[in-house]
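Structure, as structure tokens:
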Amino acid sequence: ADAWNNYSTWEKANPSPQTGDPTGFLGNVHEGLLAYREIYVNSTAAPVNSGERQYPYPEGSIIVKESYANQAAHAAKETPELTIMVKLRTGSSPETSDWEYIMGADGMNRGTGTSGLASFCHGCHTAAATTDFTFSTAAFYSQRR
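Be aware that the sequence shown starts at 286, since it is given in this note's numbering, and climbs by one per residue.
Below, the structure is given as structure tokens:
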């Protein structure tokens, strides 16, 4: 079983569904501008995400983003697109600051190092370098109120 199989029981990072382009870097990824997104963090990532612990995220941190095509899909809880970030052991993927990027719940499409997926994902996530390459932190939501 993949380490994120029970992600829906984890702490939610976003107080309400995220829609539009709150980061300014979204473009058409994560189902685009009309999408509704929910972000979950495992117990390893939660203290950093909430601001109780300093960056970077420790090894074993997992962040799961559900993306639904639109509000109706979110309301119906249709099967979402999942994108996942896993913090690896220090030094295992210096090109991505030790993040592994995963597309899809089955975990088959993974990217680290200089792979195409890793370069694509990390290319946008570099805009969030000060928060260890994550956009949807508790501080991010508190600043948007």
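We treat Cβ as the ideally placed atom computed from N, Cα and C, and that holds for glycine.
Between the beta-carbon of Y321 and that of Q356 there is about 6 Å, and that keeps the pair under the 8 Å contact cut. The beta-carbon separation of F310 and A414, rounded to 12 Å, does not stay under the 8 Å limit for a contact. Under the three-state reduction of DSSP output, L318 falls in the coil class, being neither helix nor strand. A Cβ-Cβ separation of about 5 Å places A298 in contact with S421 under the 8 Å criterion. Of the other Cβ atoms in all chains shown, 16 or more fall within 10 Å of the Cβ of T381; this residue is therefore buried.
When DSSP states are grouped into helix, strand and coil, Q303 belongs to the strand group. Burial check for G336: the Cβ neighbour count within 10 Å stays below 16, so the residue is exposed.
In the DSSP assignment, N394 falls outside any alpha helix (DSSP H) and lies within the beta strand (DSSP E) extending over N394 to G396.
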